[in-house]
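Asks: Mind having a look at this structure? Questions to follow.
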Amino acid sequence: MNTFLLIVSTFVGAVMAVVMIFVRKKASERPASIKKIILPPLFMSSGALMFVFPMFRISASQVVEAFAVGVLFSVFLIFTSRFEVWEGRIYLTPSKLFIGVLMGLLAFRIVFKLIIGQVISFGETSGMFFVLAFGMIISWRLAMLYKYIKLEKSMETTKAPL
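Following the numbering used here, the numbering of the sequence shown begins with 40 at its first residue and continues without gaps.
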């Protein structure tokens with residue numbers, strides 16, 4: 040049963056990564072906004088309801104470790120996320136590196152999951168990977184928000200009348 044859950048969750052993670060690539064590509068065709076930057080982590084936070092169930096609960100040290108790894112991984116996403124101004128609007132420019140980074144993170148996640156899955160239960164592994172992903176998306180989106188606001192302010196100062 041544990042092997043089945045591991046295989047299914049790995050498959051779901053791979054599908055989510057592929058979907059993320061297409062979502063990111065599509066998002067680059069429309070102007071960015073503060074709302075579009077902030078909403079994904081808010082939507083993802085509902086996943087924390089998994090911790091209502093005892094099988095998914097993890098210790099405080101596991102939370103800190105998983106969150107720290109997520110923040111560390113977000114560095115790759117932060118460096119592959121750039122904004123550009125086109126026709127007076129701010130767009131998130133697609134990076135060819137982003138796909139490679141996402142696939143690399145997925146591969147690392149699968150290997151790490153196979154290793155750690157031998158030591159702790161499927162539920163705890165799931166809880167740790169949720170915290171890892173949440174740490175990654177929170178820090179990535181905060182960095183994006185900072186870049187967006189900074190770019191928006193610089194646009195306002197260049198538009199200001201003399």
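C-beta: ideal position from N, C-alpha, C; glycine also.
Which residues in the same chain as Lys186 place their Cβ atom closer than 6 Å to its Cβ, once the five residues preceding and following it in sequence are excluded?
Replies: Cβ neighbours of Lys186 beyond the five flanking positions: Phe122.
Asks: DSSP beta-bridge partners for Val110?
Replies: Bridge partners of Val110: none, in fact.
Asks: Let me see if you follow: with CB-CB separation under 8 Å, is Tyr187 close to chain D or not?
Replies: Chain labels in this structure do not include chain D; a single protein chain is all it has.
Asks: Using a threshold of 8 Å, state whether the C-beta atoms of Ser48 and Ser165 are closer than that.
Replies: In this structure, Ser165 lies closer than 8 Å to Ser48 by Cβ.
Asks: Skipping 5 residues on each side, what residues in its chain have a beta carbon closer than 7 Å to that of Phe112?
Replies: Once the five neighbours on either side are set aside, the close Cβ partners of Phe112 are Leu144 and Met175.
Asks: Mind the definition here: the region 101-116 touches the region 83-93 only if three or more C-beta pairs lie below 8 Å; say whether that holds.
Replies: In short, these stretches do not touch, since the Cβ pair count stays below three.
Asks: Going by DSSP, name the residue or residues bridged to Arg128.
Replies: Answer is Trp125.
Asks: From which residue to which residue does the alpha helix (DSSP H) around Gly139 run?
Replies: Note, Gly139: alpha helix (DSSP H), Lys135 to Ile155.
Asks: Buried or exposed, going by whether 16 or more other CB atoms sit within 10 Å of the CB of Met183?
Replies: Per the 10 Å Cβ criterion, buried.
Asks: I believe Leu141 touches Ser67 by the beta-carbon criterion, under 8 Å. Please report the beta-carbon distance rounded to the nearest angstrom.
Replies: Leu141 to Ser67, Cβ: 14 Å. No contact.
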